Amino acid sequence: MGTILTRYGDGTPVEMSADDIRRDLEEGTADAADRGNIPALDKAELDHLLDIFSSPHRFVGVEPGREVVLTYDGSPIKMLRAQVNVDRLQCLQIYEKLLGADTLEMGHMDYSFKPIKPIVTYEQPLLEQVLSVTTAPVFYGAMPNLGLYSQPDGPFPNPSELIPRGEIEAALESYEAAVEDAVNDIVYVSSAMYESGADAIILDTVGAAGDADFLAGLKATEILREKYPGICIELGMAGEFVLGMHGEMEWEGARLAGMYPHEQVKLAEKAGVTVFGPVCNTNTSESTPWNMARAITFMKACCEAATIPVHVNMGMGVGGMTVNDHPPLDVASRASKAMVEICRLDGL
Amino acid sequence: MVDEQTIKEAIKAIVDHDEAKAIEITKKFIEAGNNSLEIMTEGFIPGIGEVGDQFGRGLLFLPGLVQSADVMKKVTALVNEALPEKQLEKPGVVVIGTVKGDIHDIGKGIVVALLRANGLVVHDIGRDVDTEKFIEEAVKVEADVIGTSTLLTTTMGHQKDLEKELKKAGLRDKFKTIVGGAPVTGRWAAKIGADAYAEDAQDSVVKIKELIG
Chain A
88 MGTILTRYGD GTPVEMSADD IRRDLEEGTA DAADRGNIPA LDKAELDHLL
138 DIFSSPHRFV GVEPGREVVL TYDGSPIKML RAQVNVDRLQ CLQIYEKLLG
188 ADTLEMGHMD YSFKPIKPIV TYEQPLLEQV LSVTTAPVFY GAMPNLGLYS
238 QPDGPFPNPS ELIPRGEIEA ALESYEAAVE DAVNDIVYVS SAMYESGADA
288 IILDTVGAAG DADFLAGLKA TEILREKYPG ICIELGMAGE FVLGMHGEME
338 WEGARLAGMY PHEQVKLAEK AGVTVFGPVC NTNTSESTPW NMARAITFMK
388 ACCEAATIPV HVNMGMGVGG MTVNDHPPLD VASRASKAMV EICRLDGL
Chain B
26 MVDEQTIKEA IKAIVDHDEA KAIEITKKFI EAGNNSLEIM TEGFIPGIGE
76 VGDQFGRGLL FLPGLVQSAD VMKKVTALVN EALPEKQLEK PGVVVIGTVK
126 GDIHDIGKGI VVALLRANGL VVHDIGRDVD TEKFIEEAVK VEADVIGTST
176 LLTTTMGHQK DLEKELKKAG LRDKFKTIVG GAPVTGRWAA KIGADAYAED
226 AQDSVVKIKE LIG
């Protein structure tokens, strides 16, 4: 066999031999297994991944009948990022009618709950219009984004400045105060949009600012679940492990920092999450085979631990895909096929 | 020569950010007539390396990392006091910031903490920093290295701007440059002419120490 064309994690094309791909697949799964203390992929699974990479076709897919649900987060943002000149309503129609999206997410360009709070009454009528011209379930989503609660963007002292200065106590207090404000904002916006007809709420990129961010997501979910027993809540993560920016934050007796997807999903279930969106970040210096094997190892363990539907995050820099605004088809299709065929997942 | 047990205890004292134990080990080692640099290179530096590694794996968290850094700073002072003048090394000086148009600073904060933990003098000039400001600050503090961070594909071009502006000002040879951030790679660093690329906080320590020599 000659060389196989694949890519590095930043999208740069690279030709590799089958032996090199096999070695990267083994190293990628070993890295995930070691970090997450989870099983590595077995020989049959690695053989299957090698087969997927070896396909001479630019685009690969699953067999009929093995398709999974495609949920989308931040869809309008992605279209605006590509500078396609459509408004949000048209964007969601395009996703539904042209791109085959099974669910739609009406996110605001300022994709965080805090800035949406003062303009939520402008979001509600647009949601009503979207609901009247689409059929697929319409989700409303945003990020907890705890970074917006510290100075200069928010009221609390900035832990990223305090911690390097050694002002640990002040930093921890700042995180704790930010959680409470963030929970209030998430519950306020989510309640307003749910009561206006949103079919579901997405808390997206949870944990981006560390364990406090994850705690805010869990607490808000718990409150929303109690307030609206029938609500659908999708919780999507930011990375494969919860960064310990605070380090001691707990929810229901479990320390959040350092949790990997198979542990995160158990807390998400307990909080009342309906659909969990785990993440594995792409290493831009490693090859796609390395990244994909690593991502699938984490996601497989998460799917096996879950009792709720799991929709793995696939896209720019996550799920084994390259860090490109619009990941190349060869990578996107291979990662999606591999994820569906190896993990017991419910959607992408 | 540092015995195995002392090395183990020194590493543990740093990982556990046990200041009293670290100071006790250092004093005992120096009072026994040993070269203080040996306990630093064989015990405490591997200890702070272990801290960085555990942080990267989600086993140790930022406040712990900073407390380990504090302990490291204290033992470094003791080691330096015991060294003859000619063996004292000038610590490397780093200017670091997030480039213009990018307000993400969580990752940079971690890098700053770990660099300081490793004895480097770090001037953190914040986020959304103009290219000119990086150069001004580097000249002002006589930096060895300028580090730029970016999380966005739309702002990584400012890392290239820094290379151009340094050349334009005739200062390119005066400073080493290192780039980092989620979309950044070694290939990007080579393409724009940066001296190094760091994959994560721990790698930034290794690369900057290599750059300083």
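Sequence lines, in order, name chains A and B.
Per the numbering used here, numbering of the first sequence is gapless, rising by one per residue and ending at 435.
Per the numbering used here, numbering of the second sequence is gapless, rising by one per residue and ending at 238.
Ideal placement from N, C-alpha and C gives every residue a C-beta, glycine not left out.
Being a predicted model, the structure only gives us computed values, none of them experimental.
Distance between beta carbons of residue j and residue i, contact taken as under 8 Å
i                      : j                      : result
residue 422 of chain A : residue 407 of chain A : 4 Å
residue 221 of chain A : residue 185 of chain A : That pair is no contact at about 12 Å.
residue 285 of chain A : residue 366 of chain A : Not quite, the Cβ-Cβ distance comes to about 23 Å (not below 8 Å), so this is no contact.
residue 238 of chain A : residue 246 of chain A : Rounded, the Cβ-Cβ distance is 10 Å, inconsistent with contact.
Given residue i as reference, the closest of the options once Cα atoms are compared
i                      : options                    : result
residue 301 of chain A : A:352, A:133, A:106        : A:352
residue 28 of chain B  : B:39, B:43, B:65, B:45     : B:65
residue 430 of chain A : A:401, A:417, A:389        : A:389
residue 347 of chain A : A:277, A:368, A:215        : A:368
residue 304 of chain A : A:320, A:316, A:315, A:214 : A:320
residue 197 of chain A : A:227, A:217, A:428        : A:227
residue 114 of chain A : A:143, A:127, A:103        : A:127
residue 75 of chain B  : B:237, B:236, B:231        : B:231
residue 89 of chain A  : A:108, A:327, A:402        : A:108
residue 223 of chain B : B:186, B:183, B:132        : B:132
residue 119 of chain A : B:82, B:183, B:68          : B:82
residue 416 of chain A : A:139, A:146, A:106, A:93  : A:146
residue 213 of chain B : A:382, A:372, A:218, A:434 : A:372
residue 142 of chain B : B:37, B:92, B:235          : B:92
residue 175 of chain A : A:158, A:194, A:188        : A:194
residue 253 of chain A : B:138, B:51, B:52          : B:138
residue 156 of chain B : B:181, B:165, B:124, B:169 : B:124
residue 177 of chain A : A:392, A:218, A:314, A:279 : A:218
residue 338 of chain A : A:263, A:98, A:181         : A:263
residue 130 of chain B : A:233, A:170, A:149        : A:233
Reduced DSSP secondary structure (H/G/I, E/B, other) of residue i
i                      : result
residue 318 of chain A : coil
residue 111 of chain A : helix
residue 203 of chain B : strand
residue 191 of chain B : helix
residue 292 of chain A : strand
residue 93 of chain A  : strand
residue 116 of chain A : helix
residue 328 of chain A : coil
residue 42 of chain B  : coil
residue 270 of chain A : helix
residue 262 of chain A : helix
residue 157 of chain A : coil
residue 368 of chain A : strand
residue 129 of chain B : coil
residue 395 of chain A : coil
residue 31 of chain B  : helix
residue 434 of chain A : strand
residue 142 of chain A : coil
residue 347 of chain A : coil
residue 57 of chain B  : coil
residue 221 of chain B : strand
residue 231 of chain B : helix
Beta-carbon neighbours of residue i, restricted to chain A and to distances below 7 Å
i                      : result
residue 197 of chain B : The contacting residues do not exist; residue 197 of chain B stays about 25 Å from chain A at best.
residue 87 of chain B  : 250, 331, 332, 334
residue 207 of chain B : 404, 410
Identity of the residues DSSP links to residue i by a beta bridge
i                      : result
residue 378 of chain A : DSSP, once it has assigned bridges, lists no residue as partnering residue 378 of chain A.
residue 237 of chain A : A:243
residue 308 of chain A : DSSP output for residue 308 of chain A lists no bridge partner at all.
residue 338 of chain A : A:341
residue 37 of chain A  : No answer is possible for residue 37 of chain A: the residues shown for chain A start at 88 and end at 435.
residue 199 of chain A : A:230
residue 209 of chain A : Per DSSP, none; premise fails for residue 209 of chain A.
residue 191 of chain A : A:225
residue 118 of chain B : B:146
residue 363 of chain A : A:322, A:397
residue 171 of chain B : B:120, B:202
residue 405 of chain A : A:368, A:402
residue 410 of chain A : DSSP output for residue 410 of chain A lists no bridge partner at all.
Chain-ordered neighbours of residue i on chain B, where CB pairs are closer than 9 Å
i                      : result
residue 372 of chain A : 210, 211, 212, 222, 224
residue 384 of chain A : Simply none; closest approach about 15 Å.
residue 259 of chain A : 88
residue 97 of chain A  : 208, 209, 210, 212, 213
Contact list for residue i against chain B, beta-carbon separation under 8 Å
i                      : result
residue 247 of chain A : 130, 131, 133, 134
residue 296 of chain A : 131
residue 255 of chain A : 88, 91, 92
Chain-ordered chain A contacts of residue i [CB-CB under 8 Å]
i                      : result
residue 83 of chain B  : 122, 328, 329, 330, 331, 344, 345, 346, 347
residue 138 of chain B : 250, 251
Contact list for residue i against chain B, beta-carbon separation under 7 Å
i                      : result
residue 116 of chain A : Within chain B, no residue comes near residue 116 of chain A; the closest Cβ sits about 16 Å away, beyond 7 Å.
residue 407 of chain A : Per Cβ cutoff of 7 Å: no residues; residue 407 of chain A is ~15 Å from chain B at best.
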